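S.K.:
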Amino acid sequence: MAYTSFADLLVAAEEHETLAAAALHLEALETGSAPEDLRARMRTTLDVMRSAVADGRSGRASSRSGLVGGDAARLTAAGPGPAGPFFSDALASALAVAEVNASMGRIVAAPTGGASGVLPGVLLGLAERTGASDDDLVDALFTAAAVGGIIAARASLSGAAGGCQAEIGSAAAMAAAAGVEMLGRQPAVSGHAASLALQGLLGLVCDPVGGLVEVPCVVRNATGTAIALAGIEMARAGIEFPIPFDEVVDAMGSVGRSLPPSLRETAIGGLAGTPTARNLKLEDR
Amino acid sequence: MARQRSVFDIVGPVMVGPSSSHTAGAVRLGLLARAVFGSTPTCARIGLHGSFASTGRGHGTDLALTAGLLGFPPDDLSIRDAEHLAADAGLEISFDVVDLGQVHPNTASFELSGPDARATHLQGSSLGGGDVMITHIDSYDVEVTGELPLLLVAHLDRPGEIAAVTAVLAEEGVNVASMQVSRERRGAGALMLIETDVPVGTAALDRISSASGITGVRVVPAV
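Chains as they are written, first to last, in this note's numbering: chain A, 725 to 1009; chain B, 223 to 445.
#1: Taking only three categories from DSSP, how would you classify B:THR437?
#2: What residues in the segment 820–831 of chain A bring their beta carbon closer than 8 Å to a beta carbon of chain B?
#3: Are the C-beta of B:HIS326 and some C-beta of chain A separated by less than 8 Å?
#4: State buried or exposed for A:SER817, treating a residue as buried only when at least 16 other CB atoms are found within 10 Å of its CB.
#5: Would you give the residue range spanned by the beta strand (DSSP E) that B:SER411 belongs to?
#6: Ends of the alpha helix (DSSP H) at B:GLU333?
#7: Between A:PRO806 and A:ALA954, what straight-line distance do the alpha-carbon atoms span, to the nearest angstrom?
#8: Please give me, in chain order, every unbroken run of the alpha helix (DSSP H) with length at least 4 that falls completely inside the segment 229–257 of chain B.
#9: Nearest-angstrom Cα distance between A:ALA918 and B:VAL258?
#10: Per DSSP, which one or two residues make a beta bridge with A:GLY808?
#11: Starting from B:MET401, follow its DSSP beta bridges and name the residues at the other end.
#12: With DSSP run on the structure shown, which of helix, strand or coil describes A:ARG1009?
#13: Among B:VAL354, B:ALA386, B:LEU372, B:LEU307, whose alpha-carbon lies nearest the alpha-carbon of B:ASN328?
#14: Put A:VAL1018 into one of helix, strand or coil per three-state DSSP.
#15: Taking DSSP as the reference, what is the three-state secondary structure of B:HIS271?
#16: Between B:LEU378 and B:SER400, what straight-line distance do the alpha-carbon atoms span, to the nearest angstrom?
#17: Any C-beta of chain A within less than 7 Å: which residues of the segment 247–280 of chain B qualify?
#18: Identify the continuous alpha helix (DSSP H) that holds A:ARG763 and give its terminal residues.
#19: Give me the subset of the segment 223–243 of chain B whose CB atoms are less than 9 Å from a CB atom of chain A, sorted by chain position.
#20: Can you tell me which of the three DSSP states A:ARG909 falls into?
#21: Per DSSP, B:THR342 is paired with what?
#22: Among A:GLY993, A:ASP970, A:GLY962, whose alpha-carbon lies nearest the alpha-carbon of A:VAL904?
#23: Would you mind telling me which residues of chain A sit closer than 9 Å to B:ASP284, beta carbon to beta carbon, in chain order?
#24: To the nearest angstrom, how far is it from the Cα of A:ASP779 to the Cα of A:LEU881?
#25: To which residues does DSSP link A:VAL832 through a beta bridge?
#26: Which residue's Cα is closest to the Cα of B:SER331: B:PHE294, B:ARG267, B:ASP284, B:ARG407?
#27: Which value, in whole angstroms, describes the spacing of the CA atoms of B:ARG279 and A:ASP761?
#28: From A:GLU938, A:LEU819, A:VAL942, pick the residue whose C-alpha is nearest to that of A:LEU799; which is it?
#29: Given this structure, state the Cα-to-Cα distance separating A:GLU971 from B:ARG340, to the nearest angstrom.
#30: In chain order, what residues of the same chain lie with their CB nearer than 8 Å to the CB of B:LEU437, ignoring the 5 residues before and after it?
#31: For the segment 301–313 of chain B, list every residue whose C-beta sits within 9 Å of some C-beta in chain A, in sequence order.
#32: From the beta carbon of B:ASP321, is the nearest beta carbon of chain A less than 8 Å away?
#33: Three-state secondary structure (DSSP) at B:GLU300?
#34: Would you list, in sequence order, the uninterrupted beta strand (DSSP E) runs of no fewer than 3 residues that lie entirely inside the segment 873–910 of chain A?
#35: Would you mind telling me which residues of chain A sit closer than 9 Å to B:LEU299, beta carbon to beta carbon, in chain order?
#36: Three-state secondary structure (DSSP) at A:THR742?
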């Protein structure tokens, strides 16, 4: 089984030196697989993320309904905005993967298909900027998975169960923790980054227009990426979040359980319930 | 039969979008239905219940179920073309909206038939995150998740059948992870579902198939 608390993961990271090594160790123990085989498999996962970013940014991906597609290419063509090239690049990568997902392309669910753009959005650009190697990125994905496993154990990763906070919120927390580790910070700093990201998305509802993983899901991958980056920036500067990550996750689970069904992937409330959403004529193929 | 959370379930699976439940899970349901049937059917009538019926088309659930019946894995880009590929493969497929009662919102029923008039009925649900469960095979209540290799053994409901099968597995060195037994009624047909850590080899299969009281054996690989 995965780690069920960040506190446990921190203890293991002390023994194994990094969060990634602690995650890899447990996976190898549980599955009986050799660590190098697990790393090779994660390397394949990384390759799929990269391909999805490239496909999406080329602008080829458009959804079955025709509601989304082309925004990643639009952002790429516009060039760096006021927050700098790294930021617009990260958003474009996140949109790219989410558009590929909406168009029935191949992606890595991280932790879900609907939130698949956040990890590539945050981590691929960060690696480029810091000169991190593919090995470092593989480490980052193990760390992200360990954090996601904690959320799965304590709360939920499903929009139908816990709202969008469980999907985009979880992805942002996973990415923030992994990003901080990639910057060479101590394991505890990753916990603060994850908390700082997830607190910013607490309560976010799952309100897909027409029930499709398109509006607002695609752009929420970009805004989720922005919040993960905010968590990384604050944590690496030494800002600490006073509520431990495990308790932030418990709060997210509790908020999710109190959300009415209309705001949990039923396409009834929130943006899905707006007059414009209801009047949309969705193309069928 | 709880699923162990692997890091590759959290950062992963690699899949064709857009939805782990409505697309990837639907492919896995189709794959399991195909494996239980034993080959590519020539005719499939699929019932879509609940959210599968209301939002399935936009998620490609119809294409995903079709692709699974054709044997494509959840990360195969051919899923987009499943409708045409089904026609090429001689699979006639139709979809209906159905109400299956108090079941999971993402549920499908399958009526599969082949050229030899052999027919199988199945029902299964996509539980979220790509996890699935086949809940009915013909008249039997089952729990099939596709997480581990599965051996399906149809047999007569009489003393000694279960012991005979597990004895063969023991002698062939196959470890049983879980086991369910379901029967139509006392003394009639029954079904054993045996999850194993490694796929059951042909030697063990031959021995089980030829045992007295065994009416059918099917291997369902992990999907």
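All C-beta atoms, glycine included, are put in the ideal place defined by N, C-alpha and C.
Remember, predicted model here, so these are calculated numbers, not experimental data.
M.R.: In brief:
#1: strand
#2: VAL824, ASN825, ALA826, SER827, MET828, GLY829, ARG830, ILE831
#3: no
#4: buried
#5: Just to set this straight, residue 411 of chain B is Gly in the shown sequence, not Ser. Note, B:GLY411: beta strand (DSSP E), 411–418.
#6: Run containing B:GLU333: none in the alpha helix (DSSP H); it sits in the beta strand (DSSP E), 328–335.
#7: 16 Å
#8: 229–232
#9: 43 Å
#10: A:GLY805
#11: B:ILE416
#12: Note on A:ARG1009: pLDDT 37, under 50, position unreliable in the model; the coordinate value appears next. Three-state DSSP puts A:ARG1009 in coil, outside helix and strand.
#13: B:VAL354
#14: Given that chain A is displayed from residue 725 to residue 1009, the structure contains no residue 1018 of chain A and the question cannot be resolved.
#15: strand
#16: 20 Å
#17: SER276, THR277, ARG279, GLY280
#18: 759–782
#19: GLN226, ARG227, SER228, VAL229, PHE230, ASP231, ILE232, VAL233, GLY234, PRO235, VAL236, MET237, VAL238, GLY239, PRO240, SER241, SER242, SER243
#20: coil
#21: B:LEU334
#22: A:GLY962
#23: Near B:ASP284 there are no residues of chain A at all, since even the closest Cβ is about 10 Å away, more than 9 Å.
#24: 26 Å
#25: B:VAL236
#26: B:ARG267
#27: 38 Å
#28: A:LEU819
#29: 55 Å
#30: Residue identity differs from the one stated: residue 437 of chain B is Thr in this sequence, not Leu. Hits under 8 Å: ALA376, HIS377, LEU378, GLY411.
#31: ILE301, ARG302
#32: no
#33: In the sequence as displayed, the identity of residue 300 of chain B is Ser instead of Glu. Of the three classes helix, strand and coil, the one that applies to B:SER300 here is helix, per DSSP.
#34: none
#35: MET828, GLY829, ARG830
#36: coil
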